[in-house]
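See below for the structure under consideration.
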Amino acid sequence: MFHPPVVAPRIRLRTAAVMVRDGAVLLHRRAGDSFWALPGGKVEPGESAAEALVREFREELAVDIAVGRLACVAENFFAHQGVAEHEVGLYFVAAPMPSSGLACDPGPFLGVEADCGLEFAWFSSQALSVLDLRPSFLRELLREPDPAFVHIVHRP
3 MFHPPVVAPR
13 IRLRTAAVMV
23 RDGAVLLHRR
33 AGDSFWALPG
43 GKVEPGESAA
53 EALVREFREE
63 LAVDIAVGRL
73 ACVAENFFAH
83 QGVAEHEVGL
93 YFVAAPMPSS
103 GLACDPGPFL
113 GVEADCGLEF
123 AWFSSQALSV
133 LDLRPSFLRE
143 LLREPDPAFV
153 HIVHRP
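Rendered as C-alpha cells:
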C-alpha cells in the first residue's frame, strides 16, 4: 500500500507588536486577505526579535516604534495555502514614537511588504470580537491593555 510522504511543518520565528492607543489595538492585513493580525514579521538570522520588529515597521510603514517587554510566546500550528506551519511568535508590548502618525492619526494606514500592499488600522476592543483575527487566541490576549506574560500552544 502506498503511503504519501509525511511533510514536517515548516518552522519559523515571528515577532509582533501588541500596540494599544486610547483603548484600541493596531492590526494589519495583506491586500486581499479577509483576516487581521498583529503587525510584525519574520526574524532574520543575526537579529534579535525586538530589532526585527523595529525593522518591520520601518520597512512596511516607514515609522519608528519603541519596543517594550515581551508579553507572550506562542507556538502556533496551522496550515496556510496547503502548507503546514509551526510558527514561534514573540509578542512584544510596543508603542509608536510620539512624532509618528501612528501616535495621533486615526488611520487607516497603507504600507507595503515586498510587492504586496498592507493595511494597518486601530480597532476597539468591541470590534475585536467580530473581526476575523488570527491566530484566534489573540482575542483573549488583547482583552488586557497591558497583558501579563503568557506562553501559549495554539492548535486550531
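FYI, in our numbering the residues of the sequence shown are 3 to 158.
Every residue, glycine too, gets a C-beta built ideally from N, C-alpha and C.
This one's a predicted model, so the numbers in the text were calculated from it and none came from an experiment.
query, result
"Spatially closest choice to Gly42 from Gly34, Gly25, Ala19 and Arg60, by CA coordinates", "Ala19"
"Exposure label - Met21; buried when at least 16 CB within 10 Å", "buried"
"Neighbourhood of Arg60 by C-beta, 8 Å cutoff - its chain only, sequence neighbours within 5 removed", "Asp66"
"Rounded straight-line distance, which links the Cα of Arg31 to that of Leu133", "12 Å"
"Cutoff 7 Å; reference Ala68; Cβ partners in own chain excluding five residues on either side", "Ala96, Ala97 and Met99"
"Beta strand (DSSP E) runs contained entirely in the region 41-71, provided each spans 3 or more residues", "42-44"
"Ile13 vs Ala76 beta-carbon contact at 8 Å", "no"
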